[in-house]
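In our numbering, the protein residues as written are 52 to 307. Structure first, commentary second.
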């Protein structure tokens, strides 16, 4: 379920299939839902007759989670029946109903360059104009794009950038996400998790280092110039004078 939600946030939606008996499918067609407007069926798809089971392809693009129960909620989907059916062409289906979101019948489409080098360059070019050092926190970087960006999309970019590191130093995607949330909760009065998932994002510590090679030299802190030691005087003269005894001997010979 978590993987499906991740793909919805990254790519906009997933293709899925619902499996229903003729009776359940008739109720679905008639848009018969519970009082809360959610289509629910308690059928066990594994016990359905394959000869009479109806498979219905849908596109799911959202969800709702109950705050009081982990597995209670619904998917928001639409089919090809047009806006005159359901909720303007969409509908809500309860988690685990109609065999929806089963691994063998759930697909997501991603369009990425096959060449990882080109993908890395695309990410660097996309992030670079929106990076700057945080003047209020030494050693931290701000990512402030002009357009809204999902936190998970940004973490996905950072995860791809981390692929250039060795396996021993490469952070997991979950660790990158935790770092970004940790450095944004409480910053700019962001006291709730929902606020910490909106741009701008502040990055510090190991996560910031993933962006270091993108920052231009003028954006990086300038190191202090190294102090060079003064040269030592030579240990022996370059052109030594002749010893005094030899000079005196030469004078005596010349005068005689």
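The C-beta atom is built at its ideal place from N, Cα and C for all residues, glycine as well.
{"Asked": "According to the neighbour-count rule (16 or more other Cβ atoms, all chains shown, within 10 Å of its Cβ), is residue 264 buried or exposed?", "Found": "exposed"}
{"Asked": "Around the Cβ of residue 158, are there at least 16 other Cβ atoms within 10 angstroms (buried) or fewer (exposed)?", "Found": "exposed"}
{"Asked": "Sorted by chain position, which residues of the same chain lie with C-beta nearer than 7 angstroms to residue 222's C-beta, five sequence neighbours on each side aside?", "Found": "213, 257"}
{"Asked": "Taking C-beta to C-beta, are residue 206 and residue 227 nearer than 8 angstroms?", "Found": "yes"}
{"Asked": "Is there contact here, the stretch 102 to 116 with the stretch 127 to 139, by at least three beta-carbon pairs under 8 angstroms?", "Found": "yes"}
{"Asked": "When you compare the stretch 74 to 83 with the stretch 115 to 127, are there three or more beta-carbon pairs, one atom per stretch, that lie closer than 8 angstroms?", "Found": "no"}
{"Asked": "Report the three-state DSSP secondary structure of residue 127 (helix, strand or coil).", "Found": "strand"}
{"Asked": "Is it true that the stretch 143 to 154 meets the stretch 82 to 94, where meeting means three or more beta-carbon pairs spaced less than 8 angstroms apart?", "Found": "yes"}
{"Asked": "Buried or exposed: residue 218, going by 16 or more other Cβ atoms within 10 Å of its Cβ?", "Found": "exposed"}
{"Asked": "With 16 as the cutoff for other CB atoms within 10 Å, does residue 275 come out buried or exposed?", "Found": "Legend: pLDDT at residue 275 = 49, less than 50; position of this residue unreliable, value from coordinates given subsequently. So residue 275 counts as exposed."}
{"Asked": "Is it buried or exposed for residue 58, if we count other Cβ within 10 angstroms and need 16 for buried?", "Found": "buried"}
{"Asked": "Could you tell me how far apart the beta carbons of residue 27 and residue 182 are, in whole angstroms, since I believe they sit closer than 8 angstroms?", "Found": "Nothing can be reported for residue 27, as the shown portion of the chain is limited to 52 through 307."}
{"Asked": "Going straight from the alpha carbon of residue 224 to that of residue 103, what length do you get?", "Found": "43 angstroms"}
{"Asked": "Residue 200: which of 52, 54, 55, 63 sits nearest, CA to CA?", "Found": "63"}
{"Asked": "Kindly give me the distance between the Cβ atoms of residue 208 and residue 232, rounded to whole angstroms, as I take these residues to be in contact under 8 angstroms.", "Found": "About 16 angstroms separates the two Cβ atoms, so there is no contact after all."}
{"Asked": "Do residue 188 and residue 98 have their beta-carbon atoms positioned less than 8 angstroms apart in this structure?", "Found": "no"}
{"Asked": "Looking only at its chain, what residues have a beta carbon closer than 8 angstroms to the beta carbon of residue 171, apart from the 5 residues adjacent to it on each side?", "Found": "211, 212, 214, 215"}
{"Asked": "Does residue 274 come out as helix, strand or coil in the three-state DSSP assignment?", "Found": "With a pLDDT of 49 at residue 274, under the threshold of 50, the modelled position of that residue is not reliable, and the figure given next carries that caveat. Residue 274 falls in the coil class under three-state DSSP."}
{"Asked": "Below 6 angstroms CB to CB, which residues in the same chain sit around residue 153 once its five sequence neighbours on both sides are set aside?", "Found": "none"}
{"Asked": "Drop a sphere of 10 angstroms on the beta-carbon of residue 100, count the other beta-carbons inside from all chains shown, and report buried for 16 or more, exposed for fewer.", "Found": "exposed"}
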